[in-house]
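Student:
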Amino acid sequence: MKIDNYVPGATEGVAAQPVYDDIQGLMINGYRGYNYIRFLIFTIPEANIPAVREFCGKLVPGTADSPLTITPATRWHSQDARPAYRLNIGLTKSGLMKLITPPNYKTVYNKSYQLMARFGRAADPYSAANPYGAAYPATASSIGDTGPSDPSNWWQSEGWKLPNQTPANTSLDILFSLYAPTFEAREEWHEQLLKMIGDDSAVLAFIQDSDPLDDAGQQIQFGYRDGISQPRIAGFSETDPELDDRPDVDSWRFIINLIAGNSSSPPTYSAHPLLDNGSFAAFRLLSQDVESFEKFINQQGASKAEFIASKMCGRWRDGTPVEDSPAKPENLHLLGESLKGEYELNNFNYVAPSAHQEPKPAPLGNPDNGQACPYAGHIRRANPRDDNSVTGNSNMANQHRILRRARPYGPPYDPANKATIGQDRGLVGLFIGADLQNQFEFLMNTWIINGHFSTNDGSPNNSGYDPLFGPPPAAASPSTTEFSYCTGDPSNAADYETLQGLTQLIVTKGGLYVFLPSITALGYLAKGDIPTHVV
Numbered sequence: 001m002k003i004d005n006y007v008p009g010a011t012e013g014v015a016a017q018p019v020y021d022d023i024q025g026l027m028i029n030g031y032r033g034y035n036y037i038r039f040l041i042f043t044i045p046e047a048n049i050p051a052v053r054e055f056c057g058k059l060v061p062g063t064a065d066s067p068l069t070i071t072p073a074t075r076w077h078s079q080d081a082r083p084a085y086r087l088n089i090g091l092t093k094s095g096l097m098k099l100i101t102p103p104n105y106k107t108v109y110n111k112s113y114q115l116m117a118r119f120g121r122a123a124d125p126y127s128a129a130n131p132y133g134a135a136y137p138a139t140a141s142s143i144g145d146t147g148p149s150d151p152s153n154w155w156q157s158e159g160w161k162l163p164n165q166t167p168a169n170t171s172l173d174i175l176f177s178l179y180a181p182t183f184e185a186r187e188e189w190h191e192q193l194l195k196m197i198g199d200d201s202a203v204l205a206f207i208q209d210s211d212p213l214d215d216a217g218q219q220i221q222f223g224y225r226d227g228i229s230q231p232r233i234a235g236f237s238e239t240d241p242e243l244d245d246r247p248d249v250d251s252w253r254f255i256i257n258l259i260a261g262n263s264s265s266p267p268t269y270s271a272h273p274l275l276d277n278g279s280f281a282a283f284r285l286l287s288q289d290v291e292s293f294e295k296f297i298n299q300q301g302a303s304k305a306e307f308i309a310s311k312m313c314g315r316w317r318d319g320t321p322v323e324d325s326p327a328k329p330e331n332l333h334l335l336g337e338s339l340k341g342e343y344e345l346n347n348f349n350y351v352a353p354s355a356h357q358e359p360k361p362a363p364l365g366n367p368d369n370g371q372a373c374p375y376a377g378h379i380r381r382a383n384p385r386d387d388n389s390v391t392g393n394s395n396m397a398n399q400h401r402i403l404r405r406a407r408p409y410g411p412p413y414d415p416a417n418k419a420t421i422g423q424d425r426g427l428v429g430l431f432i433g434a435d436l437q438n439q440f441e442f443l444m445n446t447w448i449i450n451g452h453f454s455t456n457d458g459s460p461n462n463s464g465y466d467p468l469f470g471p472p473p474a475a476a477s478p479s480t481t482e483f484s485y486c487t488g489d490p491s492n493a494a495d496y497e498t499l500q501g502l503t504q505l506i507v508t509k510g511g512l513y514v515f516l517p518s519i520t521a522l523g524y525l526a527k528g529d530i531p532t533h534v535v
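Using our numbering, the letters of the sequence shown map in sequence onto residues 1 to 535.
1) Quick check on the burial criterion: 16 or more other C-beta atoms within 10 angstroms. Buried or exposed for P151?
2) What span of residues does the beta strand (DSSP E) with K328 cover, start to end?
3) CB-CB under 6 Å to D244, same chain, minus the five flanking residues each way: which ones, in chain order?
4) Taking the alpha helix (DSSP H) that E358 falls in, what are its first and last residues?
5) With a CB to CB cut of under 6 Å and the five nearest residues on each side skipped, what residues in its chain are close to P329?
6) Please determine, among Y179, F307, G458 and T520, the residue with the shortest C-alpha to C-alpha distance to E294.
7) When you compare only the Cα positions, how much space is there between Y85 and Y179?
8) State the start and end residues of the unbroken alpha helix (DSSP H) segment that holds N346.
9) Report yes if the CB atom of I530 is closer than 8 Å to the CB atom of L274, and no otherwise.
10) Hey, out of A406, E323 and D214, whose CA is closest to G377's CA?
11) According to DSSP, simplified to helix, strand and coil, what is V19?
12) Whole-angstrom Cβ separation of L115 and A434, contact assumed at under 8 Å?
13) Within this structure, are the beta carbons of D250 and S263 separated by less than 8 Å?
14) From K161, Y485 and A216, pick the residue whose C-alpha is nearest to that of T182; which is it?
15) Between the Cα of P148 and those of I506, Y524 and T455, spot the shortest distance and give me the residue it belongs to.
16) Checking the sheet assignment: what are the DSSP bridge partners for Q24?
17) Three or more beta-carbon pairs under 8 Å between the region 413 to 425 and the region 227 to 245, yes or no?
18) Just the C-alpha distance for A305 and G501, rounded to the nearest angstrom, thanks.
19) In the DSSP output, which residue or residues are listed as bridge partners for W160?
20) Do you know whose CA, among P460, T74 and M396, lies nearest R540's CA?
21) Should G33 be labelled buried (16 or more other beta-carbon atoms within 10 Å of its own) or exposed?
22) From this set, T63, I41, H190 and P384, which residue's C-alpha is nearest L91's C-alpha?
23) If distances are taken between C-alpha atoms only, which option among A47, D22 and G510 comes closest to K98?
24) Report the residue ranges of all alpha helix (DSSP H) runs contained in full by the region 365 to 451; include only those spanning at least 4 residues, in chain order.
25) Tell me, please, which residues DSSP counts as bridged to G511.
26) Hey, out of N35, F176 and L213, whose CA is closest to E184's CA?
27) Using three-state DSSP, classify N48 as helix, strand or coil.
28) Whole alpha helix (DSSP H) runs in the region 95 to 121 with 4 or more residues, listed along the chain?
29) Taking Cβ to Cβ, would you say A279 is nearer than 8 Å to M27?
30) Hey, is the region 420 to 438 in contact with the region 348 to 363, meaning 3+ C-beta pairs nearer than 8 Å?
31) Excluding the 5 residues preceding and the 5 following W160 in the sequence, name in chain order all residues of the same chain whose CB lies nearer than 8 Å to its CB.
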């Protein structure tokens, strides 16, 4: 086990070249084919901290006689070499503080202030009943967690496993994500994990499963093909640079303190060595109102529903980008084929066509100014690509990209089956970035929930909320409950179709900010210690 990855002579904020074996696997890939997932959240009783440290030691890859270990980003060069499961770990502020002690936490925090300021605030204020603070962002309202999504309403589902404790007075400390290729395998590895933890260690507080909605594990509850567009990480991408038009994003935006491949600049932050090869993430439990979504897109009849759905997302439900094909979906033949066609689905821009964009230029012209893909469209809000008319965008949106590792939960919606109506369903998983404020929080606050998204936006309601999220009740007004898309000239207010009655379609049911430690850092956690060197 490699306990110290300090590189003598390294400059501030710059560590060694990437070490795949020291990085948690979830930070490099989304685990295609491991479609049965279980998210487990544990609390650490004060008296059990030594036992949890011992347990963390058993999770270090290579530990003898350990039934499960954390999955590193090791590249598997054959199908036979792939592991039978994937396991990753994240720690909240309270969890990290308990394992490394408050004085050590303060040392790490002071050296890594830019990265840990938001992570640290996620557990304030302190109280006598909960000395480590509540396990949700103090900035909840700025990312849209208001009304039904307010943190006071979180963790209320049947996944809560501590009937004698309330979420508000419970320190949520450790998050595990367990991935398996089958339902049976997930159950088996889950039992093994609980046996490893034992009775006098961490205590299970919340559990949420994610089961695939289709054979390929690609569909989400709103019916769209998912997992199509992710950042291409410099030095880590295994795609063909001659065919893949996505720009490289410097690895240090996702993997702390690393310069990998052709990074264009050194990191804009400093970090304590404990954070090397780790990252931060927002864990989100997002309930999706599929019934209201289907009602909204069908308000002009079933024949137009798919067209409206494509405008709301920016993609047809088969993944075809409307920027390339605004009239009809073109990629039905790609459904169920996990990798084939990824380039066709990602090779496009909004202002100047990308190298392999087809058709080229975009059907309605470049820049389209919201003609083909509305400025409100979800994928445009999440990644405005080359459109610098968007608030805060420059350099292909690279400084604000996040890694999205989320999958559906709950049963599929079937209007013909009354048993599925009213059941909770949605999306659960991690949104990863080294800088929570500049990546996850910026994306949510400035792009997803903010009107006036672009200075070129001529839509009647200035795009309002991202329509796949929908406005919370507190924001309800005529200007926020509409969804508009262009039917002709985007500078002509008359050339817009406006649909009324857009409601909140996504409600946050739970959230955590977590630190994703490297394998080296996990070894320090097992000792209750931190590296003593400071670059």
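Every residue gets a Cβ at the ideal spot worked out from N, C-alpha and C, and that includes glycine.
Tutor: In this structure, then:
1) buried
2) Careful: K328 lies outside any beta strand (DSSP E) and carries neither H nor E.
3) Y343
4) That residue, E358, is in no alpha helix (DSSP H); it is neither H nor E in DSSP.
5) W316, D318 and T320
6) F307
7) 6 Å
8) E342 to N346
9) yes
10) E323
11) coil
12) 6 Å
13) yes
14) A216
15) I506
16) P72
17) no
18) 15 Å
19) F206
20) Outside the displayed range of the chain (1 to 535) lies residue 540, so it cannot be described from this structure.
21) exposed
22) I41
23) A47
24) 378 to 382
25) R284
26) N35
27) helix
28) 102 to 111 and 113 to 121
29) Note that residue 279 is Ser in the sequence shown, not Ala. Cβ distance < 8 Å, so S279 and M27 count as in contact.
30) no
31) P167, A205 and F206
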